[in-house]
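Undergrad: For reference, the structure I am asking about is given below.
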Amino acid sequence: MPEQLHFRISSALKDIIGRDLITDDYIAVFELVKNSYDAHATIVDIIFKNLNTPNTEIIIKDNGKGMTHDDIV
334 MPEQLHFRIS SALKDIIGRD LITDDYIAVF ELVKNSYDAH ATIVDIIFKN LNTPNTEIII
394 KDNGKGMTHD DIV
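Letter 45 of the sequence shown, counting from 1, is numbered 378 in the numbering used here, and no numbers are missing.
The following block contains the structure:
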């Protein structure tokens with residue numbers, strides 16, 4: 334199984350990098366899915382885990398060409 338990397342993005346960072354683009358949480362998810370298709374994905378899975386709990390997760394998985402581990406770290 335590939336290594337999982339977890340990121341927490343502060344609302345301040347969201348304001349800095351996407352003030353005009355990301356206006357709410359729904360748009361943020363839409364943009365992540367759009368990024369998958371921009372990376373030439375033919376399959377995009379949106380997985381919701383632990384709904385209605387403090388540990389809710391939204392996982393967006395695709396088969397597009399993404400960044401390498403070195404690009405991220």
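For glycine and all other residues, C-beta sits at the position ideal for the given N, C-alpha and C. Bear in mind the structure is a predicted one, so any value in this text is a computation, not a measurement.
Consult DSSP for I355 and reduce its assignment to one of helix, strand or coil.
TA: In this structure, I355 counts as coil in the three-state DSSP scheme.
Undergrad: Find the nearest neighbour of D378 within the set N368, I392, P387, judged by alpha-carbon distance.
TA: I392
Undergrad: Thinking C-beta only, is N396 closer than 9 Å to I376?
TA: yes
Undergrad: Expressed to the nearest angstrom, what Euclidean distance is found between the alpha-carbon atoms of H339 and V366?
TA: H339 and V366 have their C-alpha atoms spaced approximately 17 Å apart.
Undergrad: Look at the Cβ atom of K398, then the Cβ atom of A372, and state whether they are nearer than 9 Å.
TA: yes
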